[in-house]
Amino acid sequence: MEKGTLLEFRLHGERRLAVAERPDGKKNWIAIDEFGQKNSIRPQQISYVFSGQTYKPTDIPSFREELAQYLDPDSLEVAWEILVEDAESVSPEEMAQLLFSEESTAGCYAAHLLLVEDKLYFKQKGDRYEPRSQTQVEELKHQQEVQQAKKREWSEFVARVGQRLELTKSKFPDSSADSSAQQGEGAAPVLEDWSNSDRVRIEALERYAALGEETQNRAAAKETLVALSRPENPEGAFDLLVDLGLWTQHENLFIRRNQIPTHFSSKVLEVAQRCLHSPPKDLDRERLDLTYLKTYTIDDESTQEIDDGLSVEYLEDGRKKFWIHIADPTRLLVPGDELDLEARKRSTTLYMPTGMVPMFPPELATGPMSLIQGKICPALSFGIILDESGAIAEYSIHASIIQPTYRLTYEDADEMLELGVVAEPEIATLAEGAKLRMAWRQSQGCINIYMPESSIKVKDDEVVVELLQESKARLMVAEMMILTGEVGGRYGQTNNIPLPFRAQTQPELPPPEELMLLDPEPVRACAIRRCMPRSEMGTNPARHASLGLDVYSQVTSPIRRYADLLAHFQIKAHLRGDPLPFSTVELQEILMSVTSTVKEASLVEKQTNKYWALEYLRRNQHEVWQALVLRWLKEDENLGLILLEDLGMELAWRFPRPVKLGDRLDVQVSYADPRQDRINFTEMIPAAQ
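Each residue of the sequence shown is one higher than the one before, counting from 1 in our numbering.
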């Protein structure tokens, strides 16, 4: 190479022109570009050398102007059409002759540029270029079209997001006005106005916001966040979804993280509609008619799925027969059908402050599956006679029809018990029977633990916390449900029917003298609760220690618990004399799946309640609460569990000073972040007198 040679070299991937000035060492050359900048160029950087004449750096701009007239990418397609038939390869100089009928310096360099930049018609082989086959070109064109379509979709998506953000901002100038509006857990996502490709990107944002850095395909979410100048983290994704009006500030991430279905598929809803309008034939044709009984359903006011009712029948011999009627959803199902499999997949109804996520479609669960006041309702009825001690003397189980007389709340029932309403002696009889049963279970070694509990409800962005008071009506209903569970378990055990039996091993409680050192309630109850082993579900009957029962199977909530539904399938088939729907092995397999799902659902319920408890405290930071020191979590670190007695909330707190179990402190919230599950308190010490 001589001084004055024009050359093309690559610097950081960019093509540049320069004129050779002098050698730089053994191999490199000093070249000067059009801006007078000197560059030391290695041989590997040189990609084209102009031959035939010498140049000055000041000639480069005019050379570029001359070059521009030749750079028409469309001309390359014409050359390809000529060369592809014979598969002839060309050099840049030969391409210049073909395209421009000349081999000028500018024409040859233009041909070089067109060829090296071309990704469609030609491929380089050494110093020459071969035309690609027609099939290859068509495939590459298709790929280019796909890429261009993706780019258009992407730019249109970013534009739509920007428009939606502006629209939301103008509609809700105060961002909290919209974002704090609380939707129910079953509210459908607002995605109707978005294209399919938009939804894929939005779903990527949702996964990233819910799962964080554990999300497998988080690159798509981060790409959107970067394009919109948003923080490239899960919090940024969450805030964007809120600003778009797709999520609320209080979106339930626990549900999303556990992938709990909150909506029913169109197929399931179609089956539900068929059940409503054309119910299947009832397999239990000879149901026992118990419509003559006065039947009470007793639940919280907000309860919509009514799955149990209570009656008393006064027998001629003076004895009292307690009837516990349980809703009969299995009459609308066949094991393995669409509704059954959907309920099995969900396994339980979730109850949260913002609403419930049902196991069955609501139109069925709150309609023909429920025990509705004044309507003839199919049921599975348990008739039970107790002896003088409260033990079961006689029992029978029947597929029945009933007609609920009264729909009562617990408050209604408590008031009736308190007033001793003469016209309703059955309520008092039920309460007496429950009291007798409690005494009998205590004689059998049951372990009763009472801890304050609260109900948290959210409606129209208002968080309401209600401390659940110890109630005769609640105890009465609970005792009757336990009694029914014992009867269901006995029936399965006696008739060798595989059922979902629930059992609990005997706990190892602290010595009585150690418990006596603790304040009676609820510190002592908390210490006992810590020792209680988890109850387990299996197909073999076994003792349930805390209930004081030798056999127990939950059968009282078939609309809300799939295990109860399984028990109904089995018991009803046996009552009819039909083959059992599930063998022991089949039942075990189903229970393994159901137990795992219920465990996840219970955790979501717990986490959601904790979230709203912290949100309630965050909104009421001015309040002073009395806190009871319940137990130590890490005594050496002064970390313990406190109970806010007025709210029935148990929370962890690192005490700022030495305390003892049972101490009561006045505290005020100093910091609360529900999303991060963090809270701290300040002790309010009275001023010295």
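Positions of the beta carbon are idealized from the N, C-alpha and C atoms, including for glycine.
Please read these numbers as outputs of a predicted model, since none were measured by experiment.
Among the options, which has the Cα closest to the Cα of residue i?
i    : options                   : result
L120 : S104, S75, L333 and T539  : S75
V659 : M649, L647, Y671 and A627 : A627
I384 : Q259, D663, H398 and Q143 : H398
K320 : I401, I427, P61 and L246  : I427
G488 : K27, E470 and P541        : P541
S471 : A439, T291 and D414       : D414
E513 : R524, P368 and D328       : R524
P361 : S265, D299 and S396       : S265
A652 : E645, R407 and L639       : L639
T505 : H250, D118 and V551       : V551
F382 : G485, K457, W440 and K345 : G485
V624 : L641, E589, S670 and P425 : S670
A68  : N28, A111, K56 and A79    : A111
P43  : K26, F35, G36 and D118    : K26
A272 : P261, A343, E251 and V226 : A343
G355 : Q304, E411 and G662       : Q304
Could you please give the first and the last residue of the uninterrupted alpha helix (DSSP H) stretch that includes residue i?
i    : result
R64  : I60 to A68
H415 : Per the sequence shown, residue 415 should be read as Glu rather than His. Unbroken alpha helix (DSSP H) run through E415: Y410 to L419.
I590 : T584 to R619
R128 : Counting along the chain, R128 falls outside any alpha helix (DSSP H), though it belongs to the beta strand (DSSP E) covering R128 to P131.
S195 : Careful: S195 lies outside any alpha helix (DSSP H) and carries neither H nor E.
E342 : E338 to R346
S75  : D74 to L83
D243 : P234 to D243
Y562 : Y562 to R576
K472 : K472 to T494
F742 : No answer is possible for residue 742: the residues shown for the chain start at 1 and end at 689.
R218 : R218 to A227
W440 : P425 to S443
I528 : V523 to C531
P512 : P512 to M516
Along the chain, where does the beta strand (DSSP E) containing residue i start, and where does it finish?
i    : result
G309 : D308 to Y314
C377 : C377 to L386
K123 : F122 to K125
L293 : Looking at the DSSP string, L293 is not in any beta strand (DSSP E), and its letter there is neither H nor E.
So is residue i buried or exposed if we call it buried at 16+ other beta carbons inside 10 Å?
i    : result
G577 : exposed
P23  : exposed
G13  : exposed
M684 : exposed
A692 : Outside the shown range of the chain (1 to 689) lies residue 692, about which nothing can therefore be said.
Q689 : With a pLDDT of only 44 at Q689, under the threshold of 50, the placement of this residue in the model should not be trusted, and no figure is reported.
H142 : exposed
S179 : Reliability fails at S179, whose pLDDT of 40 lies under 50, so the model's placement of it is uncertain and no value is given.
H544 : buried
G445 : exposed
P378 : buried
E678 : One point to set straight first is that residue 678 is Arg, not Glu, in the sequence displayed. When all chains shown are included, R678 counts as exposed.
P280 : exposed
Q182 : The pLDDT assigned to Q182 is 43, lower than 50, so where the model puts this residue is not dependable; a value taken from the coordinates is nonetheless given after this. Under this definition Q182 is a buried residue.
Y109 : buried
V190 : The predicted position of V190 is uncertain, since its pLDDT is 48 and thus under 50; a value taken from the coordinates is nonetheless stated next. Counting Cβ neighbours within 10 Å, V190 comes out exposed, since fewer than 16 surround it.
V357 : buried
R346 : buried
R654 : exposed
Taking a contact to mean a Cβ-Cβ separation below 8 Å, would you say residue i touches residue j in this structure?
i    : j    : result
L483 : I324 : yes
D239 : K572 : no
I298 : L246 : no
I306 : S370 : yes
A106 : E66  : yes
M359 : I559 : yes
P500 : M537 : yes
D308 : T409 : no
E462 : S454 : no
L276 : L333 : no
T330 : T405 : no
Review point. Taking three-plus beta-carbon pairs below 8 Å as touching, is the segment 521-539 in contact with the segment 432-450?
Key: yes
**Study point:** At least three beta-carbon pairs within less than 8 Å, the segment 515-529 to the segment 479-497
**Key:** no
Practice item. Decide if the segment 431-445 is in contact with the segment 586-606; the criterion is three or more beta carbon pairs, one per stretch, under 8 Å apart. Key: no
Practice item. Give a yes or no on contact between the segment 620-636 and the segment 597-611, applying the rule of three or more CB pairs nearer than 8 Å. Key: no
Review point. Is the segment 615-625 touching the segment 665-682 in the sense that three or more CB pairs, one from each, lie closer than 8 Å?
Key: yes
**Study point:** Three-pair Cβ contact test at 8 Å for the segment 128-145 versus the segment 218-237
**Key:** no
**Study point:** Three or more C-beta pairs below 8 Å linking the segment 38-58 and the segment 68-85
**Key:** no
Review point. Is the segment 333-350 close to the segment 595-605, with three or more CB pairs under 8 Å?
Key: yes
Practice item. Flag this pair as touching only if the segment 338-347 and the segment 260-279 have three or more C-beta atom pairs under 8 Å; answer yes or no. Key: Put simply, the segment 338-347 touches the segment 260-279. At least three CB pairs are less than 8 Å apart.
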